[in-house]
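Each residue of the sequence shown is one higher than the one before, counting from 1 in full-length UniProt numbering.
We treat Cβ as the ideally placed atom computed from N, Cα and C, and that holds for glycine.
Here the structure is a predicted model, which means the values were calculated and not measured.
Comments concern the structure below.
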Amino acid sequence: MAQTKKFNVIATEPTPNSSAFKFVVDSVIIKDGSRAFNNAEEAESDPFAKEIFDFGIVDFLYIKDRFVSITLLSPDEWEDMFDPFIQTIEEHLVPYEDGGNGEAEKSILDDVDLEKFMDYDDETKREIIDAFMDEGVRPALAQDGGGILVKDVEGDVVFIQYQGACGSCSKSQSSTLSAMQNILQRSVHPDLRVVVRGFDDL
């Protein structure tokens with residue numbers, strides 16, 4: 001972590017996932033990438049994330065740019081919880097030097113020939129897909145308090161993992177997934193298929 005600067009929460013926004021809300025702060029938390037915590041065990045090594053999961057009702061925690069997205073185990077858990085979460089964010093959140101989650105720092109699209117996409121090895125394919133996600137998918141998901149990781153590519157199958165508010169939202173399994181696949185089929189290769197890889201599959 002970079003320093004001990006505190007943040008002020010300037011807005012609380014709903015997301016398409018009724019179990020998740022975005023807490024927007026007054027300055028950048030992470031310049032590049034994001035941080036995602038899927039359970040209390042993952043949060044143990046991060047003081048802020050641990051404070052959030054210590055409430056005992058948190059399902060996912062996602063941090064990106066100028067917001068913190070908190071997904072609870074049930075929408076009903078949100079009653080009377082906004083002020084405690086705001087207080088925790090303002091007292092314990094500090095800037096991160098980077099996301100540290102494997103998101104690509106710069107695009108490789110200028111260096112590859114998409115007409116030869118299927119000839120590349122699977123890791124190169126993954127990097128290409130990740131670059132397209134940076135340009136056309138992640139910005140839209142971030143507006144809803146979520147994110148996405150490209151976990152793997154095997155031939156023409158792209159394995160993804162949702163983060164933050166996207167993780168337990170039914171919309172992610174239908175319209176968002178379909179739109180994502182359509183973008184990749186139009187922009188990269190028509191045979192590509194997108195499959196959601198759950199946490200238990202990792």
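Rounded separation between residue i and residue j - CA only
i, j, result
"H92", "E51", "8 Å"
"P190", "L184", "8 Å"
"K64", "I128", "22 Å"
"L72", "F85", "11 Å"
"D111", "D54", "45 Å"
"F23", "N8", "10 Å"
"P95", "K116", "41 Å"
"A20", "K125", "32 Å"
"E135", "P16", "21 Å"
"residue 285", "D80", "With the chain represented from 1 up to 202, any question about residue 285 goes unanswered, as that position is not in the structure."
"S175", "L141", "12 Å"
"W78", "L192", "39 Å"
"F82", "V137", "29 Å"
"T88", "V196", "32 Å"
"F57", "P47", "This sequence places Ile at residue 57; Phe is not what is there. Cα to Cα, the separation comes out at about 17 Å."
"R186", "Y120", "18 Å"
Simplified DSSP assignment, three categories, for residue i
i, result
"G136", "helix"
"D111", "helix"
"L192", "coil"
"S178", "helix"
"L141", "helix"
"T12", "strand"
"K6", "coil"
"E44", "coil"
"L73", "coil"
"E123", "helix"
"R35", "strand"
"L93", "coil"
"F85", "helix"
"F53", "helix"
"A20", "strand"
Other residues of its chain near residue i: CB distance less than 7 Å, five sequence neighbours each side excluded
i, result
"M133", "I148 and V150"
"V194", "V158, I160, L177, M180, Q181 and L184"
"L114", "V188"
Cβ distance (whole Å) where residue i is taken to contact residue j below 8 Å
i, j, result
"I10", "V25", "7 Å"
"S34", "Q163", "7 Å"
Sequence-distant residues of its chain with Cβ nearer than 8 Å to residue i (five each side left out)
i, result
"D122", "D152, V153, E154 and G155"
"E90", "K6, F7, N8 and V9"
"T12", "F21, K22, F23, V24, F82 and I86"
Cut-off 6 Å between Cβ atoms - residues of its own chain near residue i, not counting five sequence neighbours on either side
i, result
"A43", "F37, A49, K50 and F53"
"A40", "F53"
"S18", "P75"
"M118", "none"
The segment 137–152 in contact with the segment 65–75 per 3-pair CB rule at 8 Å: yes
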